[in-house]
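Participant: All letters in the first sequence, in the order written, are residues 615 to 822 by our numbering. One structure, pasted below without further comment.
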Amino acid sequence: MKPLPPEFYGRPVLEVAPDLIGCTVVHGETAGTIVETEAYHQEEPACHAYVGLTARTRTLFGAPGRAYVYRSYGIHAMLNAVCEPEGVGAAVLIRALAPEAGIELMRARRGVSDERELCSGPGRLTQALAIGLELNDTPLDHGEVVVLPREGPVPAVVSSVRVGITKAAELPWRFSAVSNPNVSRPWPWRTARGRRRAPEGAVASRSG
DNA sequence: CATGGGATTGACT
DNA sequence: GTCAATCCCATGC
């Protein structure tokens with residue numbers, strides 16, 4: 615299976631974020647299917663690129679299809695896929711995976727045994743797959759970390775508000791695979807904020 | 001150069 | 001429900 619090419623990412627971030635649900639992240643012997651993402655764009659203040667081009671945001675403004683990895687709360691690494699054409703600061707945060715390969719290795723790295731706790735959060739999945747800051751700005755189609763296209767049917771996806779942000783908190787730019795136990799809390803599919811999205815076609819709602 | 005605020009998690013009340 | 005850990009980096013003096 616060939617990795618997704620840069621052209622896949624060089625589109626509007628609100629199209630790429632739901633399209634990544636069901637795709638597979640591979641690093642070494644470990645791999646998992648994406649079940650939760652969030653979109654970030656330079657025009658809204660929750661995005662790091664909102665402040666413009668700096669040393670930190672250089673990757674975000676660079677070519678699409680590369681990894682943007684940064685440290686959050688001084689502890690966790692966050693894995694993003696850079697999107698939109700070069701010069702536009704936008705990315706999709708990979709928030710949760712369904713473990714597929716190297717599960718015992720993930721258990722050892724995470725120190726927990728429950729499969730649902732291995733990759734159900736952005737900090738958890740980078741620990742389970744051993745994705746660190748050294749992978750920032752590496753290509754996702756021929757680098758150490760690769761993303762493979764969906765193999766099965768298009769999954770049902772629900773959009774909801776993003777997690778853990780204070781600015782532009784009302785935008786429904788979080789996308790989750792419906793009823794998948796590997797999605798991080800809070801689960802959106804029972805809440806009033808969650809909105810089901812057609813399995814195919816339509817772009818996510820901007821208005822909530 | 002000092003400061004403050006996180007795209008989080010896990011432990012605890 | 002609350003809270004601390006821990007560090008990068010944007011910002012302001």
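All residues carry an ideal CB built from backbone N, CA and C; glycine is no exception.
#1: Thinking C-alpha only, which one of VAL706, HIS756, MET615, CYS733 is nearest GLU718?
#2: Quick one: what does DSSP say HIS641 is sitting in, helix, strand or coil?
#3: Can you list, in chain order, the residues of its chain whose CB lies under 8 Å from that of GLU657, leaving out five sequence neighbours each side?
#4: What are the complete alpha helix (DSSP H) segments, minimum 4 residues, inside the segment 694 to 749?
#5: Let's see if you can read the secondary structure: which residues bound the beta strand (DSSP E) around ALA681?
#6: Where does LEU628 fall in DSSP's three states?
#7: Any idea what DSSP makes of GLU621, helix, strand or coil?
#8: Select from TRP801, LEU785, ILE779 the residue whose C-alpha is nearest the C-alpha of TYR687.
#9: Does the Cβ-Cβ distance between ALA691 and THR647 come in under 8 Å?
#10: Are the beta-carbon atoms of ASN796 and ALA712 separated by less than 8 Å?
#11: How is VAL771 classed by DSSP in three states: helix, strand or coil?
#12: With a CB to CB cut of under 8 Å and the five nearest residues on each side skipped, what residues in its chain are close to VAL640?
#13: Go through its chain and collect everything with a Cβ distance to GLY703's Cβ below 7 Å, but skip five positions before and after it.
#14: Give the C-beta separation of GLU784 and VAL771 to the nearest angstrom, bearing in mind that I take them to be a contact with Cβ-Cβ under 8 Å.
#15: Exposed or buried, VAL696, counting other C-beta atoms within 10 Å across all chains shown (16 or more means buried)?
Facilitator: With the structure as the only source:
#1: Position 104 of the first sequence holds residue 718. Shortest Cα-Cα distance from GLU718 to any of VAL706, HIS756, MET615, CYS733 involves CYS733.
#2: Sequence index remark: in the first sequence, residue 641 carries index 27 (1-based). Shown here, HIS641 sits in a strand according to DSSP, grouped into three states.
#3: Residue mapping note: residue 657 aligns to position 43 of the first sequence, counting from 1. Once the five neighbours on either side are set aside, the close Cβ partners of GLU657 are TYR664.
#4: 717 to 724, 736 to 742, all fully within the segment 694 to 749.
#5: Numbered from 1 along the first sequence, position 67 holds the residue referred to as residue 681. Following the DSSP letters along the chain, one finds ALA681 inside the beta strand (DSSP E) bounded by residues 681 to 686.
#6: Reading the first sequence from its first residue, position 14 is the one you call residue 628. If DSSP states are grouped into helix, strand and coil, LEU628 belongs with the helices.
#7: Locating residue 621 in the first sequence gives position 7, where the first residue counts as 1. In the structure shown, GLU621 sits in a helix (DSSP, three-state: H, G or I).
#8: Locating residue 687 in the first sequence gives position 73, counting from the first residue. For TYR687, the nearest C-alpha among the options comes from ILE779.
#9: Here residue 691 corresponds to residue number 77 of the first sequence, with the count starting at 1. Here residue 647 corresponds to residue number 33 of the first sequence, with the count starting at 1. Taking C-beta atoms as the reference points, ALA691 and THR647 fail to come closer than 8 Å.
#10: Here residue 796 is taken as the residue at index 182 of the first sequence, counted from 1. Here residue 712 is taken as the residue at index 98 of the first sequence, counted from 1. The answer is yes: Cβ separation under 8 Å.
#11: Walking along the first sequence from the start, residue 771 turns up at place 157. In the structure shown, VAL771 sits in a strand (DSSP, three-state: E or B).
#12: The residue you call residue 640 lines up with position 26 of the first sequence. Once the five neighbours on either side are set aside, the close Cβ partners of VAL640 are ALA715, VAL759, VAL760, VAL761, LEU762.
#13: Along the first sequence, read from residue 1 onward, the residue named residue 703 stands at position 89. GLN656, CYS661, ALA663, THR671, LEU674, PHE675.
#14: The residue labelled residue 784 in the question sits at position 170 within the first sequence. The residue labelled residue 771 in the question sits at position 157 within the first sequence. Incorrect: roughly 19 Å between the Cβ atoms, too far for contact.
#15: As a working note, residue 696 is residue 82 in the first sequence. It is buried - the Cβ of VAL696 has at least 16 other Cβ atoms within 10 Å.
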